[in-house]
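S.K.: Counting in numbering that gives the first Met the number 0, the final residue of the sequence shown is number 231, and the numbers go up one at a time with none missing. Every residue, glycine too, gets a C-beta built ideally from N, C-alpha and C. My structure is below; once you've seen it, I'll send some questions.
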Amino acid sequence: MDASPDVVDPIEAVAARMESIAAPLAEDDGVRRFNELYLAVTRAVVVAERDAIFEDAAFLSRLDVVFADLYFAAIDDLDAGRKPSRAWAPLFEARATKGIAPLQFAIAGMNAHINYDLVLALITTTKELGCGLDRDTPQHRDYVAVDRILQRVQDEIKDRFTTGAVRDLDRAGGVVDDIVASWKVSRARDNAWTQAQILDAIGHSGFLRKQFLTALGRNVGFAGRALLVRLP
Numbered sequence: 000m001d002a003s004p005d006v007v008d009p010i011e012a013v014a015a016r017m018e019s020i021a022a023p024l025a026e027d028d029g030v031r032r033f034n035e036l037y038l039a040v041t042r043a044v045v046v047a048e049r050d051a052i053f054e055d056a057a058f059l060s061r062l063d064v065v066f067a068d069l070y071f072a073a074i075d076d077l078d079a080g081r082k083p084s085r086a087w088a089p090l091f092e093a094r095a096t097k098g099i100a101p102l103q104f105a106i107a108g109m110n111a112h113i114n115y116d117l118v119l120a121l122i123t124t125t126k127e128l129g130c131g132l133d134r135d136t137p138q139h140r141d142y143v144a145v146d147r148i149l150q151r152v153q154d155e156i157k158d159r160f161t162t163g164a165v166r167d168l169d170r171a172g173g174v175v176d177d178i179v180a181s182w183k184v185s186r187a188r189d190n191a192w193t194q195a196q197i198l199d200a201i202g203h204s205g206f207l208r209k210q211f212l213t214a215l216g217r218n219v220g221f222a223g224r225a226l227l228v229r230l231p
């Protein structure tokens with residue numbers, strides 16, 4: 000039986016939510032800059048899934064939704080005036096700061112979302128689907144394949160964001176180039192998989208889990224502040 004035309008694809012729903020987040024935000028809002036990058040990545044992954052390049056597209060689709068929901072929860076907290084997590088605090092606090100390049104905001108958001116949220120999303124998704132966190136599996140190979148998509152989109156966004164005055168400032172100081180050089184999406188995602196393996200090994204110890212996530216959030220927050228240094 001064909002799917003009902005009223006049924007919305009989960010990834011399309013994710014993209015629609017991102018569009019609604021962007022709508023009221025100013026062009027130079029740091030959250031909007033990250034959201035723009037994330038939306039571009041989401042659309043690129045949708046195309047890849049439709050082209051059937053993945054071994055286990057169901058795993059990636061579910062991971063995408065769980066992952067995005069953590070970003071949406073952070074946005075909901077922001078809109079409600081609740082204190083942000085340590086991972087997201089640097090971006091949310093600096094979102095209106097002048098002298099920070101658009102690409103810096105985008106990468107700072109990736110730092111929070113990949114280095115912290117993705118760890119939690121991997122735990123949730125693999126437990127739901129019962130596929131584990133071993134490497135060299137269909138799920139891990141697909142996960143690594145996404146790295147290439149992310150890097151391509153990041154490169155495209157860099158060209159779009161580093162124009163005009165931002166480009167001229169960066170030529171003088173090289174700050175944005177230095178930040179981009181220090182940030183590797185494949186390295187961040189590989190680290191997130193490792194951190195998820197560690198968290199999974201901790202098991203049901205509430206105390207150890209809390210300590211682990213507190214330390215992880217703190218470290219991600221420190222990295223986020225370093226990424227948001229103002230241009231000279």
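Specify the secondary structure class of R224 as computed by DSSP and reduced to three states.
M.R.: DSSP places R224 in helix when its eight states are reduced to three.
S.K.: So is L69 buried or exposed if we call it buried at 16+ other beta carbons inside 10 Å?
M.R.: buried
S.K.: How many whole angstroms separate the CB atoms of V44 and D63, which I take to be in contact at a CB cut-off of 8 Å?
M.R.: 6 Å
S.K.: Between E18, L198, E26, R229, which has its C-alpha nearest L215's C-alpha?
M.R.: L198
S.K.: Can you give the Cα-Cα distance for L212 and T124, rounded to whole angstroms?
M.R.: Looking at the two C-alpha atoms, the distance is approximately 18 Å.
S.K.: Between T124 and chain B, is there a C-beta pair that is closer than 8 Å?
M.R.: Of the protein chains in this structure there is only one, and it is not chain B.
S.K.: Can V118 and Q194 be called in contact, C-beta distance under 8 Å?
M.R.: yes
S.K.: Measuring CA to CA, which of D135, A22, I148 is closest to A39?
M.R.: That would be I148, whose Cα lies nearest to the Cα of A39.
S.K.: For R188 and A105, what's the separation of their Cα atoms in angstroms?
M.R.: 16 Å
S.K.: Alpha carbon to alpha carbon, how far is L230 from L128? Give it in angstroms, no decimals.
M.R.: 45 Å
S.K.: Between which residues of its own chain and D169 is the CB-CB distance below 8 Å, once the five residues before and five after are set aside?
M.R.: Only weak support is given to the placement of D169: the predicted model assigns it a pLDDT of 48, under 50, and the value that follows is read from those uncertain coordinates. The residues are A100, T161, V175, D176, L230.
S.K.: Nearest to I156 by alpha carbon, out of E35, E18, D27?
M.R.: E35
S.K.: Just to confirm my understanding: we take I122, look at its own chain, exclude 5 residues before and 5 after, and list those with CB closer than 7 Å. What are they?
M.R.: A195, L198, D199
S.K.: Exposed or buried, what is Q138 when buried is set at 16 or more other beta-carbons lying within 10 Å of its beta-carbon?
M.R.: So Q138 counts as buried.
S.K.: I'd like the list of long-range same chain contacts for A191, defined as Cβ closer than 8 Å, with 5 residues on each side in sequence excluded.
M.R.: I113, N114, L117, V118, L121
S.K.: Report yes if the CB atom of A111 is closer than 8 Å to the CB atom of A86, and no otherwise.
M.R.: yes
S.K.: Among F58, L207, M17, which one has its Cα closest to the Cα of G131?
M.R.: Comparing Cα-Cα distances from G131 to each of F58, L207, M17, the minimum goes to F58.
S.K.: Spatial neighbours of D167 within its chain, please: CB distance less than 7 Å, with the 5 preceding and 5 following residues excluded, ordered by chain position.
M.R.: Low confidence applies to D167: its pLDDT is 47, below 50, so where it sits in the model is not reliable, and the reading given next is rough at best. Cβ within range, chain order: n/a, list empty.
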